[in-house]
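Presented below is the structure to which this report refers.
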Amino acid sequence: MNSLKGFFTGKPTTSNTVSEASEPSVIAVQPKVNESFEPVKPTDSFELSLSQPGIDEKKPFSDLKVLKYYRDIYESCHYECRSAFDPDLQWTAAEEKKLIRKLDYRVCAFACFAYFALQIDRGNLSQALSDGLLNDLGLTTNDLNTGLTIFKVAFLLAEIPSQLISKKLGPDRWIPNSFFWTALDGTQIIAALWAFGLLHMRGLHGMAGWRWLFLIEGLITLAVGISAIFLMPASAVATKTWFRPKGWFDDREVKIIVNRVLRDDPTKGDMRNREGITPRSLLKSLGDYDLWPLYALGITCFVPAFTPHNYLTLTLKNLGFSTFQTNLLVIPSTSVAICNLLLLTWFSEKTGERLLTAMIQAIWTLPCILALRIWTGAFVDSWGTFALLTVLLSYPYCQAILVGLASRNSGGVRTRSISSACYNMNVQIGGVIAVNIYREDDKPRYRRGNSVLIAVNLFALALLAFAKVYYVRRNRARERIWSAMTADEKHKYLETTTDEGNKRLDFRFAH
Numbered sequence: 000m001n002s003l004k005g006f007f008t009g010k011p012t013t014s015n016t017v018s019e020a021s022e023p024s025v026i027a028v029q030p031k032v033n034e035s036f037e038p039v040k041p042t043d044s045f046e047l048s049l050s051q052p053g054i055d056e057k058k059p060f061s062d063l064k065v066l067k068y069y070r071d072i073y074e075s076c077h078y079e080c081r082s083a084f085d086p087d088l089q090w091t092a093a094e095e096k097k098l099i100r101k102l103d104y105r106v107c108a109f110a111c112f113a114y115f116a117l118q119i120d121r122g123n124l125s126q127a128l129s130d131g132l133l134n135d136l137g138l139t140t141n142d143l144n145t146g147l148t149i150f151k152v153a154f155l156l157a158e159i160p161s162q163l164i165s166k167k168l169g170p171d172r173w174i175p176n177s178f179f180w181t182a183l184d185g186t187q188i189i190a191a192l193w194a195f196g197l198l199h200m201r202g203l204h205g206m207a208g209w210r211w212l213f214l215i216e217g218l219i220t221l222a223v224g225i226s227a228i229f230l231m232p233a234s235a236v237a238t239k240t241w242f243r244p245k246g247w248f249d250d251r252e253v254k255i256i257v258n259r260v261l262r263d264d265p266t267k268g269d270m271r272n273r274e275g276i277t278p279r280s281l282l283k284s285l286g287d288y289d290l291w292p293l294y295a296l297g298i299t300c301f302v303p304a305f306t307p308h309n310y311l312t313l314t315l316k317n318l319g320f321s322t323f324q325t326n327l328l329v330i331p332s333t334s335v336a337i338c339n340l341l342l343l344t345w346f347s348e349k350t351g352e353r354l355l356t357a358m359i360q361a362i363w364t365l366p367c368i369l370a371l372r373i374w375t376g377a378f379v380d381s382w383g384t385f386a387l388l389t390v391l392l393s394y395p396y397c398q399a400i401l402v403g404l405a406s407r408n409s410g411g412v413r414t415r416s417i418s419s420a421c422y423n424m425n426v427q428i429g430g431v432i433a434v435n436i437y438r439e440d441d442k443p444r445y446r447r448g449n450s451v452l453i454a455v456n457l458f459a460l461a462l463l464a465f466a467k468v469y470y471v472r473r474n475r476a477r478e479r480i481w482s483a484m485t486a487d488e489k490h491k492y493l494e495t496t497t498d499e500g501n502k503r504l505d506f507r508f509a510h
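Sequence positions in the sequence shown follow numbering that gives the first Met the number 0 and run 0 to 510.
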């Protein structure tokens, strides 16, 4: 779903272009030369602001040379929204607020619904396990690990090709097709509630309850995938179609949407939505070592919680809970985890300390894993183990923070398209590791497995600290060089440099 994020708006919060003065505040761009040459720093929005140095971030096209530079880029790459580009366009904060609400309703609501449909297909695996899938098929937990490994490896191998095809065909064409082939992590609460009813169908027409679960929830994913073909426009300027003749927005709203995005980040128009990524740019993106710390975090950060989560329903069932009790008992941890995720992400944006905030996840999970390893009642005391696992799996998930950092620190559309795929691939690699830590010969206490999880958790904490120090030092090194340059040298650098994205001297990493 990365292709959907920022599909129209570039970021979900109010843009920096909105004046904080009293109503009616007006957003305007007046042509004027600005020679402050401030370095590019990520904004406090969920997306990265890449306005060029020497330009007011609220008026990125106020420098006429910069305006001409970007206008030429938009024309040369045939940016699909270039006809709506207007650097002199003015709009009020009230207009923008109203338009954001419409975007939330039109775009975000459907994106959330589509994401739910993707999630439900894999969320039902946990419920199927609680209904005796392994016993019905004569499988062991090692067989389960092998199956999950095959799935995750296939998923990660498809990640970059999927991103490349999406970039070439456009997300409006590719993402609907992806509903037929892929599914993401389960929507645990809804899946559990549905499973409570669907698993009661065991015996109907001679089929196990988990078979009905897969069939019915798979049909839901299929239906949403088909609807996405018609409900997902190519861009803000392409919402009108034969079955939607009036479109979603009038001409003025389209202009506000497009210019709001470009003033937030002028580089968002340097590729058209169906422009493919060349093998050379792909290799260049993969070799971007400044993103490697985030990729490493994707591998390690989530393993300590992924492993107990994968075995949650099996563990509860083995502790004596019924199939239906097991499915309802997964709801508390998921409900708290949702709140913690939102709070953690909000706090990271509020403080501007993303990596330090992400450490809260590792600090949360560490004592819980230690308790699973040391406590003699772990995996023996039914309600005590349930309580401990509930606390563990209620952890504040830092995925949104790390995904946001990978996007912010990419520094360009080309790199961002690949970096999101690379990050997700590394998360899947971590998932492969996670599903192979609890082994058949280690059950039921999984002492060896939990010892491994403790080591991984400690390593993740150290890696988060390393990433923080790395980006701080990178920013300081660039700042020393940039500050030593004269205004003329800075201007010449901006006009002649071949550095791109996060390799520019004026770019600053978020951390």
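Backbone N, C-alpha and C fix where the C-beta goes; we use that ideal spot for every residue, glycine too.
How big is the Cα-Cα spacing for residue i and residue j?
i           : j           : result
residue 232 : residue 238 : 5 Å
residue 225 : residue 218 : 11 Å
residue 136 : residue 392 : 28 Å
residue 103 : residue 422 : 26 Å
residue 431 : residue 425 : 10 Å
residue 63  : residue 343 : 41 Å
residue 99  : residue 106 : 10 Å
residue 443 : residue 465 : 35 Å
residue 370 : residue 377 : 8 Å
residue 265 : residue 68  : 10 Å
residue 355 : residue 474 : 17 Å
residue 336 : residue 488 : 50 Å
residue 97  : residue 244 : 22 Å
residue 495 : residue 476 : 21 Å
residue 348 : residue 398 : 14 Å
residue 258 : residue 251 : 11 Å
residue 400 : residue 101 : 26 Å
residue 512 : residue 368 : This structure does not reach residue 512, given that the chain is present from 0 up to 510, and the question cannot be answered.
residue 227 : residue 71  : 34 Å
residue 440 : residue 365 : 24 Å
residue 331 : residue 380 : 19 Å
When you compare each of the options to residue i by their alpha carbons, which one comes out closest?
i           : options               : result
residue 472 : 509, 454, 364 and 437 : 509
residue 328 : 382, 342 and 141      : 382
residue 357 : 319, 236, 396 and 378 : 396
residue 292 : 261, 495, 469 and 317 : 469
residue 417 : 399, 283 and 331      : 283
residue 289 : 456, 247, 408 and 308 : 408
residue 450 : 330, 244 and 373      : 373
residue 120 : 210, 206, 96 and 348  : 210
Buried or exposed: which applies to residue i, given that a residue is buried once 16 or more other Cβ atoms fall within 10 Å of its Cβ?
i           : result
residue 216 : buried
residue 482 : exposed
residue 177 : Note on residue 177: pLDDT 34, under 50, position unreliable in the model; no value is reported.
residue 320 : buried
residue 338 : exposed
residue 287 : buried
residue 361 : buried
residue 151 : buried
residue 48  : The pLDDT assigned to residue 48 is 36, lower than 50, so where the model puts this residue is not dependable; a value taken from the coordinates is nonetheless given after this. Per the 10 Å Cβ criterion, buried.
residue 402 : buried
residue 334 : exposed
residue 460 : buried
Determine, using beta carbons only, whether residue i and residue j come nearer to each other than 8 Å.
i           : j           : result
residue 518 : residue 116 : Any question about residue 518 goes unanswered here, given that the chain covers just 0 to 510.
residue 448 : residue 302 : no
residue 462 : residue 299 : yes
residue 385 : residue 285 : no
residue 141 : residue 438 : yes
residue 296 : residue 353 : no
residue 359 : residue 94  : no
residue 452 : residue 306 : yes
residue 236 : residue 253 : yes
residue 212 : residue 126 : yes
residue 323 : residue 223 : no
residue 128 : residue 313 : yes
residue 109 : residue 230 : yes
Here's a check: name, in chain order, each residue in its chain whose Cβ is nearer than 7 Å to the Cβ of residue i, leaving out the five neighbours to either side.
i           : result
residue 497 : none
residue 363 : 394 and 395
residue 73  : 81, 84 and 268
residue 346 : 356
residue 340 : 395, 396 and 399
residue 456 : 303, 361, 364, 365 and 368
Residues in the same chain with beta-carbon distance under 6 Å from residue i, minus the five sequence neighbours each way, listed in chain order, please.
i           : result
residue 144 : 434 and 435
residue 13  : Here the model assigns residue 13 a pLDDT of 36, short of 50, so the residue's position is not dependable, and the following value carries that caveat. Closer than 6 Å at Cβ, skipping near neighbours: no residue.
residue 147 : 434
residue 543 : Since the displayed the chain opens at 0 and closes at 510, residue 543 lies outside it and no answer follows.
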